[in-house]
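S.K.: Residue numbers (our numbering), protein chains in the order written: chain B, 1 to 507; chain L, 508 to 734.
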């Protein structure tokens, strides 16, 4: 501040508008530096960056769908936004706090230009947030397992929120010039942010009025099915931020400037256009496409052949074929009999009819040799897919594998897990209760399978033995091992183990 | 000079110079937040009531952060009445207001969804004491006359980050039906005691203050003005 008061008022008097804008820029640069060095902003940035880096390292198990990754950049910048709201508010009130208003009044930099400088400093922090958001998204996009495409509208939400919050802080300082207004407003915002998810249901238009609309489900949808008015929402946020900022400028004594009043009216109009356009709900074409993708996925998919297997995936997931093929090859190489080169179809399926947050189960495929794979991958999804492959190789179809309740379950689990890098850990991961003893439900993308305590005992025993010896026995007795109604005791004997002691009753 | 003799004389100016606008605004907003569960009627649940009371307590504490703001501090530093008495008087005033206010806030929440009163009161007291002892600490360490703004920012930062960053093994922000409720409130009580101790220590006038810029007078008036 002192640099400006001691600056060049004499020059500005003579040089007119251009110099006074230069003064605004100088002031903006000074305010930006001060804003970025305030403790709340520093802490907010530190927590934001730390949390983001920590999460992005392992997000989506290294296989992000970019149409989901763009939305994941929205929540954390709110923290920076709140800090900027507080500090921008206090920065505007600084001259009042130190009673330097009278000194500044003699400068040619009018109060509204000073407000503009504060708003420019907020814009600079928003730009910095934009860089952070871009960095986070680029990191996700550069992961080898990334698929899909992001939307600029979703990526803009984080920086625009910071701009909106900061502008609100400046406006608040012009409306209520006291130091306790901003903290109280923040508590109010936080409380209603907690309240908001309770009050809003899926189809309500009002939920899009809040700055960040989070919607996330466990399974990514193809980007045509999102049905989120991302671009309109970004326009709404930009319009709102501009309206708030221009109102703050108008309130600091620029009320007589026609051009500013017109700009403010334009910004309000922009906000209204965005608000109306974003509240139209999910478009009918998207709803129809969701039904089409869920019911008849084969019409939307592209297929690729690898040996005896056909991989049919939605266009955005074509790059995952190699990952699926690696797992499927591992399972197939252990199988015996005709299963070694039986033609299989891996079909990607998605249940999109219940929206983004839906977690509906998918019915198992009934066509022989057809295996379902979901839209997420990595982590537990890989062994779950292996179990589905093994189930189809042993039982013929996914539907039959789901109802299986006999010794074949041992073969299925051994086939699925024996070729995995850490079979025992994967055994725990595919079981619902993360156990490796007793009976349990085994997860898959479609209907779950179930293991009895006896089957678990045999599978655990098999997984601890060398793979090759068991593989030879499986190939030798393939027909008997995969015959329906074979008992667990018989399977154990065929594979060279003692009969299990645990109970052999299906759940 | 005996303390008892000066208190009544100090009381009126202390009442007059308290930042009643900040406390009034914070108290009103706090009551409004506490009234939300009642206004929502049937939809309100225990979780919402707890959030409302916590938000309400933070709001009042934010107002109370300005209690030790005294534009005349540099002048009153030279009077014979010790700082502990001057601070104590303000704290007593705000504490009595807070007690009445908190009772009202608790009663505003419908009984069916109200969290256990003792536990939530300890939380609210911790927030209030943090604000007051934070302000006392700021005055003790720095030489500003109005620490309220910085203390409010600090309190707000803690209130936002606390629930996000508290480790699970030292849970503080638990719902009433959580088995850790009792343990968490033991921790709240520990925090409260620690804050009271810090506040009490900071209530004393520092003897000499060595700052990087050298020795300064306790009134702070001889230093360069800080703009």
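Virtual Cβ for every residue (Gly too), placed ideally from N, Cα, C.
1. Report the residues of the segment 566-582 of chain L with a CB closer than 7 angstroms to any CB of chain B, ordered along the chain.
2. How many angstroms separate the CA atom of residue 424 of chain B from the CA atom of residue 436 of chain B?
3. I'd like to check one pair, residue 170 of chain B with residue 122 of chain B: are the Cβ atoms closer than 8 angstroms?
4. How about residue 193 of chain B: is its C-beta nearer than 8 angstroms to some C-beta of chain L?
5. Taking only three categories from DSSP, how would you classify residue 354 of chain B?
6. If you measure between the beta carbons of residue 662 of chain L and residue 559 of chain L, is that distance less than 8 angstroms?
7. Taking the continuous beta strand (DSSP E) assigned at residue 305 of chain B, which residues delimit it?
8. Spatial neighbours of residue 8 of chain B within its chain, please: CB distance less than 6 angstroms, with the 5 preceding and 5 following residues excluded, ordered by chain position.
9. For chain B, check one thing: does any of its Cβ atoms lie closer than 8 angstroms to the Cβ of residue 637 of chain L?
10. Please check the pair residue 310 of chain B and residue 345 of chain B, which I expect to be a contact at CB under 8 angstroms, by giving their CB distance rounded to whole angstroms.
11. Could you tell me which whole beta strand (DSSP E) segments of length 3 or greater appear in the segment 92-175 of chain B?
12. Along the segment 30-60 of chain B, what residues have a CB closer than 9 angstroms to any CB found in chain L?
13. Beta-carbon within less than 8 angstroms of residue 595 of chain L's beta-carbon, same chain only, minus the 5 sequence neighbours each way: which residues are those?
14. Would DSSP call residue 487 of chain B helix, strand or coil?
15. Which residues, in chain order, does the segment 651-668 of chain L contribute to contact with chain B at a C-beta distance below 9 angstroms?
16. Would you kindly work out how many angstroms separate the C-alpha atoms of residue 494 of chain B and residue 354 of chain B, rounded to a whole number?
17. In angstroms, rounded to a whole number, what distance separates the CA positions of residue 492 of chain B and residue 341 of chain B?
18. Determine, using beta-carbon pairs with one atom in the segment 213-232 of chain B and one in the segment 65-73 of chain B, whether at least three such pairs fall under 8 angstroms.
19. For residue 277 of chain B, tell me which candidate among B:255, B:216 and B:235 has the shortest Cα-Cα distance.
20. For the segment 545-569 of chain L, list every residue whose C-beta sits within 8 angstroms of some C-beta in chain B, in sequence order.
21. Please confirm if the segment 17-36 of chain B is in contact with the segment 177-184 of chain B, defined as three or more CB-CB distances below 8 angstroms between the two stretches.
22. Going by the beta-carbon positions, is the gap between residue 260 of chain B and residue 164 of chain B smaller than 8 angstroms?
23. Within 10 Å of its beta-carbon, does residue 293 of chain B have 16 or more other beta-carbons around it, so buried, or fewer, so exposed?
24. Is the number of C-beta pairs between the segment 332-339 of chain B and the segment 369-386 of chain B that are closer than 8 angstroms three or more?
25. Looking at the unbroken alpha helix (DSSP H) that takes in residue 451 of chain B, where does it start and where does it end?
26. Is it true that the CB of residue 569 of chain L sits closer than 8 angstroms to the CB of residue 633 of chain L?
27. Using a 10 Å radius around the Cβ and a threshold of 16 neighbouring Cβ atoms, would you call residue 733 of chain L buried or exposed?
28. For residue 533 of chain L, which residues in chain B fall below 7 angstroms Cβ to Cβ?
29. Alpha carbon to alpha carbon, what distance is there between residue 429 of chain B and residue 382 of chain B?
30. Suppose contacts are defined by Cβ-Cβ distances below 8 angstroms. Is residue 384 of chain B in contact with residue 392 of chain B by that definition?
31. Quick one: list the residues of chain B neighbouring residue 518 of chain L, beta-carbon separation under 7 angstroms, in chain order.
32. Taking 8 angstroms as the threshold (beta carbon to beta carbon), is residue 187 of chain B in contact with chain L?
33. Does any C-beta atom of chain L lie closer than 8 angstroms to the C-beta of residue 67 of chain B?
34. If I'm right that residue 230 of chain B touches residue 154 of chain B with Cβ under 8 angstroms, what's the distance once you round it to whole angstroms?
35. Could you tell me whether any Cβ in chain B is nearer than 8 angstroms to the Cβ of residue 699 of chain L?
36. Per the DSSP calculation, residue 348 of chain B is bridged to which residue(s)?
M.R.: Quick answer:
1. 566, 569, 570 and 573
2. One-based indexing of the first chain puts residue 424 of chain B at position 424. One-based indexing of the first chain puts residue 436 of chain B at position 436. Roughly 8 angstroms between the two C-alpha positions.
3. For this step, residue 122 of chain B is matched to residue 122 along the first chain. For this step, residue 170 of chain B is matched to residue 170 along the first chain. Cβ distance < 8 angstroms, so residue 122 of chain B and residue 170 of chain B count as in contact.
4. Looking up residue 193 of chain B in the first chain gives position 193. Chain L contact via Cβ: absent.
5. As a first step, residue 354 of chain B must be located in the first chain, where it is residue number 354. Residue state, collapsed to three classes: coil.
6. The residue labelled residue 662 of chain L in the question sits at position 155 within the second chain. The residue labelled residue 559 of chain L in the question sits at position 52 within the second chain. Cβ atoms of residue 662 of chain L and residue 559 of chain L: not closer than 8 angstroms.
7. Counting from 1 along the first chain, the entry for residue 305 of chain B is found at position 305. That run of the beta strand (DSSP E) goes 302-306.
8. In the first chain, counting from the first residue as 1, residue 8 of chain B sits at position 8. Note on residue 8 of chain B: pLDDT 46, under 50, position unreliable in the model; no value is reported.
9. Here residue 637 of chain L refers to the residue found at position 130 when the second chain is read from its first residue. Closer than 8 angstroms: no.
10. Residue numbering aside, residue 310 of chain B sits at position 310 when the first chain is read from its first letter. Residue numbering aside, residue 345 of chain B sits at position 345 when the first chain is read from its first letter. 5 angstroms between Cβ atoms; contact.
11. none
12. 38, 39, 40, 43, 44, 47 and 51
13. As a position in the second chain, residue 595 of chain L is number 88, starting the count at 1. Closer than 8 angstroms at Cβ, skipping near neighbours: 710.
14. Locating residue 487 of chain B in the first chain gives position 487, where the first residue counts as 1. In this structure, residue 487 of chain B counts as coil in the three-state DSSP scheme.
15. 653, 655, 656, 657, 659, 660, 661, 662, 663, 664, 666, 667 and 668
16. Here the question's residue 494 of chain B lines up with position 494 in the first chain. Here the question's residue 354 of chain B lines up with position 354 in the first chain. Using only the alpha carbons, I get a separation of about 46 angstroms.
17. Sequence index remark: in the first chain, residue 492 of chain B carries index 492 (1-based). Sequence index remark: in the first chain, residue 341 of chain B carries index 341 (1-based). Straight-line Cα distance between these residues: approximately 26 angstroms.
18. yes
19. The count along the first chain starts at 1 and reaches residue 277 of chain B at position 277. The option with the nearest alpha carbon to residue 277 of chain B is B:235.
20. 550, 555, 558, 559, 562, 565, 566 and 569
21. no
22. One-based indexing of the first chain puts residue 260 of chain B at position 260. One-based indexing of the first chain puts residue 164 of chain B at position 164. It is not a contact, given that the beta carbons lie outside the stated cut-off.
23. Taking the first chain and counting its residues from 1, one reaches residue 293 of chain B at position 293. Buried is the call here.
24. no
25. Residue numbering aside, residue 451 of chain B sits at position 451 when the first chain is read from its first letter. Note, residue 451 of chain B: premise wrong, no alpha helix (DSSP H); beta strand (DSSP E) at 449-451.
26. Residue 633 of chain L sits at position 126 when you count from the first residue of the second chain. Residue 569 of chain L sits at position 62 when you count from the first residue of the second chain. No; because the gap between Cβ atoms is not below 8 angstroms, this pair is not in contact.
27. Here residue 733 of chain L refers to the residue found at position 226 when the second chain is read from its first residue. For residue 733 of chain L, the predicted model reports a pLDDT of 45, less than 50, meaning its position is unreliable and no value from the coordinates is stated.
28. Sequence index remark: in the second chain, residue 533 of chain L carries index 26 (1-based). What residue 533 of chain L touches in chain B: 180 and 184.
29. Position 382 of the first chain, counted from the first residue, corresponds to residue 382 of chain B. Position 429 of the first chain, counted from the first residue, corresponds to residue 429 of chain B. Cα to Cα, residue 382 of chain B sits roughly 10 angstroms from residue 429 of chain B.
30. Counted from its first residue, the first chain places residue 384 of chain B at position 384. Counted from its first residue, the first chain places residue 392 of chain B at position 392. Their beta carbons are not under 8 angstroms apart, which means residue 384 of chain B does not touch residue 392 of chain B by this criterion.
31. For the purposes of this step, residue 518 of chain L is taken as the residue at position 11 of the second chain. Those within 7 angstroms of residue 518 of chain L in chain B number zero; the least Cβ separation is about 24 angstroms.
32. Taking the first chain and counting its residues from 1, the one referred to as residue 187 of chain B is at position 187. Yes, because at least one Cβ of chain L sits closer than 8 angstroms to the Cβ of residue 187 of chain B.
33. Sequence index remark: in the first chain, residue 67 of chain B carries index 67 (1-based). No, no contact with chain L.
34. As a first step, residue 230 of chain B is located in the first chain; it is residue number 230 there, counting from the start. As a first step, residue 154 of chain B is located in the first chain; it is residue number 154 there, counting from the start. At roughly 5 angstroms, the Cβ-Cβ gap stays under 8 angstroms, so residue 230 of chain B and residue 154 of chain B are in contact.
35. In the second chain, the residue the question calls residue 699 of chain L occupies position 192. So no, residue 699 of chain L is outside the interface.
36. In the first chain, counting from the first residue as 1, residue 348 of chain B sits at position 348. According to DSSP, which records beta bridges pairwise, residue 348 of chain B is partnered with B:373.
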